[in-house]
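Down below is the structure, laid out as structure tokens.
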Amino acid sequence: MEYHTVYKRPEGETTQWEDLQRKFGNLPPKEAVQKPEAFVPAQDKSKDRQLLDNDDDIDALENAEDDFADDPFLEAYRQERLKQLREAAQRTKFGSVGSISRDEFVSQVTEDSRTSWVVVLLYQERVLGCQVLGACLKELAAQYNYVKFLKIASTECIPNYPDENLPTILVYHDGQCKRTIVGTRSLGDIRISPESVAAGLNDVGPICTGQNAGQGAGGTQH
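In full-length UniProt numbering, the protein residues as written are 1 to 222.
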């Protein structure tokens, strides 16, 4: 049995004789070589997600809308990341007990209570109970920094407000006063502590619970 080796030229390669014949029109034009499309690696979505996870600049993510417009998956992930950052910013924008004046009450209390719980202490420095409750609220403000804690001199907030009603706490949410707590009886009384005050506030709604949603019932406690 005889074996013959058949030589196959690379695609597109021609001989000088074939080139001359084509030059004189004796052979049809040379067919264009079909080149495969250049390899383009698939987009690694996990890397893009990691970039979004590592980016905590709200403005930058808001301005990156065009960068992800052609990828529904990553655009949805960008929106979710923005939501997380905005909620985190909302939760951590307080952290201390702020002082306000009567002229600031509507904007600082009524209006701001539409987006977060607002706890207002009516006080007088000469009243011992105000000093004790104020110290408790200071600790709670640092611990639950998504709740807005404020204080205002009682007679500046309400002219002629009697010292015998101090300390008084006003709890606002959704633009309304949800409860007025007069005195410290419902907040632990002689055993008052940050924990007992937190428990008393939570009777109104989920204020000192690590959550920032829902609302409680109205009413007045003595």
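Backbone N, C-alpha and C define an ideal beta-carbon position, used for all residues, glycine too. Note that the structure is a prediction, hence the values are computed from the model and not measured.
For residue 94, same chain residues with a beta-carbon under 6 Å away, outside a window of 5 residues either side, are 145, 148 in chain order.
Bounds of the beta strand (DSSP E) holding residue 148 are 148–153. Across the structure, residue 105 and residue 157 are spaced so that their CA atoms are roughly 8 Å apart. When 111, 96, 114 are compared, the shortest CA-CA separation from residue 121 is found for 96.
Residue 132 places its beta carbon 8 Å or farther from that of residue 201. Ranked by how close their Cα comes to the Cα of residue 98, the residues 204, 142, 75, 64 have 142 in first place. Under the three-state reduction of DSSP output, residue 99 falls in the strand class.
Remark: C-beta atoms of residue 117 and residue 175 do not approach each other more closely than 8 Å. Beyond the five residues adjoining it in sequence on each side, residue 63 comes within less than 7 Å, by CB distance, of no other residue in the same chain.
Checking the DSSP bridge columns, you'll see residue 177 partnered with 172. With contacts defined as CB atoms closer than 8 Å, residue 184 and residue 167 qualify as a contacting pair.
Between the beta-carbon of residue 123 and that of residue 151 there is about 6 Å, and that keeps the pair under the 8 Å contact cut. For residue 118, the enclosing beta strand (DSSP E) has its first and last residue at 118–123. Annotation for residue 201: the continuous alpha helix (DSSP H) segment containing it runs 194–202. Bounds of the alpha helix (DSSP H) holding residue 134 are 128–143.
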